[in-house]
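See structure below.
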Amino acid sequence: MNENEINQLLLKKILMQLKINPDDHETPNKPKNILIVSAEYLPRNITPQALHCKSLADGLVDKNMNVDVISYDPWKAGQTVEMGGVKVHYINNPIKSYSPLTWALTLAMEINRTAADIYHKEGGIDLIHAHQWEMFPAGVSLQAAIQKPLIVNFYSLQHHRAPGVVNGYTDSVKQIEWRGTNDSQKVLVNEDWLKNEIINYYSPEPQKVDVVNSQEKQWTQQIVRDYNWVMKNWNRGERQ
Amino acid sequence: MKVLHLSWEFPPYKVGGIGTVLEDLTKSQVAQGIEPIIVTCGFEGNVGYEHRNGVHIYRFDADYIPAEDFHSWALQMGMLMQNKACEVINEHKDIKIIHAHDWLVATAGIGLKHIYRIPMISTLHALESGRYGGIEGDRQELIHSLEKKLAYESWRIICNSEFMKRSISYSLSIPWDKIDVIPNGVDIGKMKTDFDYNHEKSKYALPHEKIVFYVGRMVWEKGVDILVGAIPAVLKRNPNAKFVFAGTGYMTDRLKKIAHDIGVSDKVNFVGFVDDDTLKRLFRISSAFAIPSRYEPFGITALEAMACSVPVVVSDTGGLAETVNHEVDGIKVWPESSESLAWGINKVLSDDNLAHDLSENAYKKINEHYNWSTISQRLKDIYNVVFEQYTSCDWKPSTTISGVGMGVKSDS
Numbered sequence: 040m041n042e043n044e045i046n047q048l049l050l051k052k053i054l055m056q057l058k059i060n061p062d063d064h065e066t067p068n069k070p071k072n073i074l075i076v077s078a079e080y081l082p083r084n085i086t087p088q089a090l091h092c093k094s095l096a097d098g099l100v101d102k103n104m105n106v107d108v109i110s111y112d113p114w115k116a117g118q119t120v121e122m123g124g125v126k127v128h129y130i131n132n133p134i135k136s137y138s139p140l141t142w143a144l145t146l147a148m149e150i151n152r153t154a155a156d157i158y159h160k161e162g163g164i165d166l167i168h169a170h171q172w173e174m175f176p177a178g179v180s181l182q183a184a185i186q187k188p189l190i191v192n193f194y195s196l197q198h199h200r201a202p203g204v205v206n207g208y209t210d211s212v213k214q215i216e217w218r219g220t221n222d223s224q225k226v227l228v229n230e231d232w233l234k235n236e237i238i239n240y241y242s243p244e245p246q247k248v249d250v251v252n253s254q255e256k257q258w259t260q261q262i263v264r265d266y267n268w269v270m271k272n273w274n275r276g277e278r279q
Numbered sequence: 006m007k008v009l010h011l012s013w014e015f016p017p018y019k020v021g022g023i024g025t026v027l028e029d030l031t032k033s034q035v036a037q038g039i040e041p042i043i044v045t046c047g048f049e050g051n052v053g054y055e056h057r058n059g060v061h062i063y064r065f066d067a068d069y070i071p072a073e074d075f076h077s078w079a080l081q082m083g084m085l086m087q088n089k090a091c092e093v094i095n096e097h098k099d100i101k102i103i104h105a106h107d108w109l110v111a112t113a114g115i116g117l118k119h120i121y122r123i124p125m126i127s128t129l130h131a132l133e134s135g136r137y138g139g140i141e142g143d144r145q146e147l148i149h150s151l152e153k154k155l156a157y158e159s160w161r162i163i164c165n166s167e168f169m170k171r172s173i174s175y176s177l178s179i180p181w182d183k184i185d186v187i188p189n190g191v192d193i194g195k196m197k198t199d200f201d202y203n204h205e206k207s208k209y210a211l212p213h214e215k216i217v218f219y220v221g222r223m224v225w226e227k228g229v230d231i232l233v234g235a236i237p238a239v240l241k242r243n244p245n246a247k248f249v250f251a252g253t254g255y256m257t258d259r260l261k262k263i264a265h266d267i268g269v270s271d272k273v274n275f276v277g278f279v280d281d282d283t284l285k286r287l288f289r290i291s292s293a294f295a296i297p298s299r300y301e302p303f304g305i306t307a308l309e310a311m312a313c314s315v316p317v318v319v320s321d322t323g324g325l326a327e328t329v330n331h332e333v334d335g336i337k338v339w340p341e342s343s344e345s346l347a348w349g350i351n352k353v354l355s356d357d358n359l360a361h362d363l364s365e366n367a368y369k370k371i372n373e374h375y376n377w378s379t380i381s382q383r384l385k386d387i388y389n390v391v392f393e394q395y396t397s398c399d400w401k402p403s404t405t406i407s408g409v410g411m412g413v414k415s416d417s
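Residue numbers (the numbering used here), protein chains in the order written: chain A, 40 to 279; chain B, 6 to 417.
Printed below as a string of C-alpha cells:
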C-alpha cells in the first residue's frame, strides 16, 4: 500500500467517524449539477410523480448538489422560483397539441430552450434525470447535444396504461419508452415488478435498471450512488 | 461557411417541391463557397452519409416510425432528426447557420438553435392556412401554431413570393421587415434532354393530337378538378387536344370519375408518378402546360415548363401571378374558373405564333431572373448579415457544447 492509498483510507475512516458518507465526498466522477425534467413538480400535483421529484430534488440539495428542475405549469411559465435551494424553471407549451404524444413532442422545444439557458448561464449540467415518457424526447435530445449522462425514471408503462391496445398512438408512446430505456445510462423504477416488466418489454441489461423505493429512508442516497456509478462509467467512455 | 439544412424530403425522396428546390439550391451554394450539410429522412434502408457534388447528406432511418397520423409521425420524425443533427453538429463543430425548411422540422430546428445557440433561419415554402383555405380542427391548429413558432424563433424568414410574404405577415403575425422574398430557381441545363420525340409522344397521344400537360399532387389546393372541368370547352374548339395528368394524390380516383361522367375519359391520361427524365420528356412533347391551382405559394413547375419552352396557362393566384406576365410570357386565367382556364388553353392551342412568342419570352425570363446562381448569392448575403448580427449580440454561448464553439468571424 503506497502513501496515497493510506491517506485515502485514513480520510475514509475520519469521514465515517464524523458520520459523513464517504460516497458523498466530491470527486470528478460525481455529478454536481443535476437537471431534473418532470411534467409535474409540487405544488402542482396530479400524480405521485410530483411529490417524488420534489423529495428527490430536496434530497439532492441536502447532499450539496446544485439542482435545476424544469417543469410544466402554464400559470407560472417563464418564472424561475427557488424552493429550498432547488431552482424550479416553469415552462408552457406554445403549440396547440391534441394528444399527450403531440404535447410531449412539442414541449421538448421549450425544455431544450430552458435547459440551454441553464447550461449557458449557470455553469453547466453534469447529469440529466428525465421523469416518465413525456420527458424522454427532451432528455434524449439534450443528451445527444451536450453529451452528458441521462437517467430515466419510469412510474408506469404504456403496456399497462392501455393494456391490449394496438394502434399508432400506443405504439408511438412505447417507441419513446423504448428509446428512453435504450439511450439512457440508467433506468430507475420504484418496485421490482416494474423493473421486470421493463426488462420484459424493452430488453435492457438487467443491471441497467435499478429499483429505488421512495418509501425507504435512504432512497435519495441510493439515487446519488446511481448518479455516481453512471458518471464514473460515463467518464470511462462506457455509454450504455 | 457551413450551413445545416433541415428538410424532411430530399431526392431521391420527393413529396412536394422542397426536395427538388433544396437539391438545386445546395448545388449552387457549393459554387458560392458555402458548405451545405443536409439532415433528412432516409427510407427503404437508404440511411447514412453521402457526399454528393460537395454537399454533405446525412439520412436517418425514418421507415419505422409508428404513428396515429401524419402529424404525430412528423413530430417523431423531428425528434429523430434533432438527434441525428446533434451528431452532425458535434462532428462538424463549426456550423454557422441552421436553415429549417417548413413546419415539419420546426421542433428539431428550434431545439438545436437553443441548445447550441446557433442562429436559425427558415424558409416557409407554404402555409397550412393556404393549403386548405383556412385553419379548422386540431390537426391544422397544430401545424399552424408550429409555423407560427418557427417563424417567431427564426432570425430571418425566407419565402418565395410577395404573395407568401403577405400571407406569412398576416397569418402568422410576423413583422414585415423580418421576411425576405427570394424566388425559387430552375436549372435550365438540368431540364435539357435528348430523346425520340415521335416515339415519346406516341406513348401518350396520337400523332395529330396536342398535349395539354399537368404535373403535381392530385389534391384540392392544386385545382386539378378545375382543369378536368375545362376539358369539354377546350375540345369544342380544339378537338385534337389530349390531356395528360402526372402525379398522385387523394383526389386521383375522383378526378377519373369526373372525366368519365362528363364523357371525356378517352381524352385524358392519368400516368401517376413520373421520374425526372420522363417529366422532362413530357414537358418537351406538350403544346401547353396548365397550372389550375387554387393555392400556389410559388409554382416551381411553371418555371420548369418555361425552361422547356412550353407555353404556360396559370391561375392568376399566389406566386404564379408574380412569375407570369400575362400575354407576354404566359397566359393568366381566373382562379376557380374552368371556363377561363379553357379560354387560356384554347388561346395557346389555336395560335401557334402566340404560343411561340410566349415560350420564347418565358425562356429568356428564366435565364435572366430565375437562375440558381443569382438566387443562392442573395441567400448567402442573408446568411452573412445574420451571422454578423449574431457575432455582435449577447446571445452567443459563453461555453462550448460538445466542443462546438461558435467562431465570431463571418466568411465572405
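Heads up, the beta-carbon is just placed ideally off N, CA and C, and yes, glycines get one too.
Close partners of Leu232(B) in chain A (Cβ separation under 9 Å) are lacking, with about 35 Å as the shortest Cβ gap. Here Cys91(B) is buried, its C-beta having at least 16 other C-beta atoms within 10 Å. Between the region 120-130 of chain A and the region 94-110 of chain A, the count of Cβ pairs shorter than 8 Å is three or higher; the stretches touch. Listed along the chain, the chain A residues whose CB falls inside 9 Å of the CB of Arg144(B) are Tyr137. As computed with DSSP, Phe248(B) is found in a beta bridge with Val217(B), Val273(B).
Residue range 125-130 is occupied by the beta strand (DSSP E) that includes Lys126(A).
Per DSSP, reduced to three states, the secondary structure at Phe168(B) is helical. The beta-bridge partner set that DSSP reports for Asp185(B) consists of Ile163(B).
Gly324(B) sits away from Pro124(B), with the two beta carbons spaced by 9 Å or more. When DSSP states are grouped into helix, strand and coil, Val390(B) belongs to the helix group. Secondary structure at Ile102(B): strand, using DSSP grouped into helix, strand and coil. Taking all protein chains shown into account, Ile45(A) has fewer than 16 neighbouring C-beta atoms within 10 Å of its C-beta and is therefore exposed. Rounded to the nearest whole angstrom, the CA to CA distance from Lys247(A) to Asn221(A) is 10 Å. Secondary structure of Leu189(A) (DSSP, three-state): strand. For Ile85(A), no chain B residue has a Cβ inside 7 Å of its Cβ, as the nearest lies near 22 Å away.
The beta-carbon distance between His76(B) and Leu155(B), rounded to whole angstroms, is 15 Å. This is too long to meet the 8 Å contact definition. The DSSP assignment places 139-160, 175-185, 197-200 as complete runs of the alpha helix (DSSP H) inside the region 130-210 of chain A, in order along the chain (cut-off: 4 residues). In terms of beta-carbon proximity, Ala111(B) lines the interface with chain A, with at least one pair separated by less than 9 Å. Under the Cβ distance rule, Pro402(B) counts among the residues neighbouring chain A, one pair being separated by less than 9 Å.
According to the DSSP assignment, Thr253(B) belongs to no beta strand (DSSP E), since it is labelled neither H nor E.
Only those residues of the region 93-121 of chain A whose C-beta falls short of 9 Å from the nearest C-beta of chain B would be listed, and there are none.
Counting only runs of 4 or more residues that sit fully inside the region 309-351 of chain B, the alpha helix (DSSP H) segments are 325-328, in chain order. In the DSSP assignment, Met125(B) falls within the unbroken beta strand (DSSP E) covering 125-128.
Within the region 112-138 of chain B, those residues whose Cβ lies closer than 8 Å to any Cβ of chain A are, in chain order, Thr112, Ile115, Gly116, Leu117, His119, Ile120, Tyr121, Arg122. For Cys46(B), the enclosing beta strand (DSSP E) begins and ends at 40-47.
Judged by DSSP secondary structure, Ala89(A) falls within the alpha helix (DSSP H) whose first and last residues are 87-101. When the beta-carbon positions are compared, Met169(B) and Val191(B) stay at least 9 Å from each other.
The alpha carbon of Asp362(B) has as its nearest neighbour, out of Arg383(B), Gly335(B), Ser342(B), Ser378(B), the alpha carbon of Gly335(B).
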